[in-house]
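Participant: Pasting a structure here, questions to come.
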Amino acid sequence: MGALSKIIGLAIAAAGAFLLWWGLTPEMEGLSLILFFLGIILMSIGSSILFSGKSRSEKEEEPEPPTVTELQCQNPNCDFKEIRDFEKGDYILKEMEQRCPKCEGTMMIEGIYIVRKEEEKPEF
Numbered sequence: 019m020g021a022l023s024k025i026i027g028l029a030i031a032a033a034g035a036f037l038l039w040w041g042l043t044p045e046m047e048g049l050s051l052i053l054f055f056l057g058i059i060l061m062s063i064g065s066s067i068l069f070s071g072k073s074r075s076e077k078e079e080e081p082e083p084p085t086v087t088e089l090q091c092q093n094p095n096c097d098f099k100e101i102r103d104f105e106k107g108d109y110i111l112k113e114m115e116q117r118c119p120k121c122e123g124t125m126m127i128e129g130i131y132i133v134r135k136e137e138e139k140p141e142f
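Each residue of the sequence shown is one higher than the last, beginning at 19 in this note's numbering.
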């Protein structure tokens, strides 16, 4: 559809240029202003169709930001936390089969987060 839209945009812009030229000729006294503005409008529409969007190969697709899962030991005397990649089936407050490597207590999912890049702030 990309090449077809470029051809249509070019045809509309060319028709607008023709109407613009025809509106400027001295033979069209009564309609010259109407043809002039109609030509400008058609050229604008045609050029916007012609130059709108990027082709699929030019678009830069950013990868999805990584999702991480926070596991925490449920033993009140243990403060062990682990952050790992999200796995299908993870949900908050899910008790895990794996045991705490520090105290052998039960581990539970405490949070699931999307890691986003920090936007760079311009320095003045």
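Where a beta carbon is used, it is the ideal one built from N, C-alpha and C, also for glycine. No experiment lies behind these values; they were computed from the predicted model shown.
Hey, could you find the ends of the alpha helix (DSSP H) G20 is sitting in?
Facilitator: On the sequence shown, residue 20 is found 2 positions in, with the first residue counted as 1. Looking at the DSSP string, the run of the alpha helix (DSSP H) that includes G20 is G20 to G41.
Participant: Just to confirm my understanding: we take Y109, look at its own chain, exclude 5 residues before and 5 after, and list those with CB closer than 7 Å. What are they?
Facilitator: For the purposes of this step, residue 109 is identified with residue 91 of the sequence shown, where counting begins at 1. Here the set comprises I127.
Participant: For a test of the three-state rule: what should DSSP assign to L111, helix, strand or coil?
Facilitator: What you label residue 111 is simply residue 93 of the sequence shown in a count that begins at 1. Reduced to three states, the DSSP call for L111 is coil.
Participant: Can you give the Cα-Cα distance for E100 and K135, rounded to whole angstroms?
Facilitator: On the sequence shown, residue 100 is found 82 positions in, with the first residue counted as 1. On the sequence shown, residue 135 is found 117 positions in, with the first residue counted as 1. C-alpha separation (whole angstroms): 21 Å.
Participant: Tell me the residue span of the alpha helix (DSSP H) that contains G48.
Facilitator: Start at 1 with the first residue of the sequence shown, and residue 48 comes out as number 30. No alpha helix (DSSP H) holds G48; DSSP gives it neither H nor E.
Participant: Going by beta carbon distance, what residues of the same chain come within less than 6 Å of G64, once the five residues before and after it are set aside?
Facilitator: Indexing the sequence shown from 1 puts residue 64 at position 46. Excluding its 5 nearest sequence neighbours in each direction, G64 has C-beta neighbours in its own chain below 6 Å: G27, I30, A31 and G34, listed in chain order.
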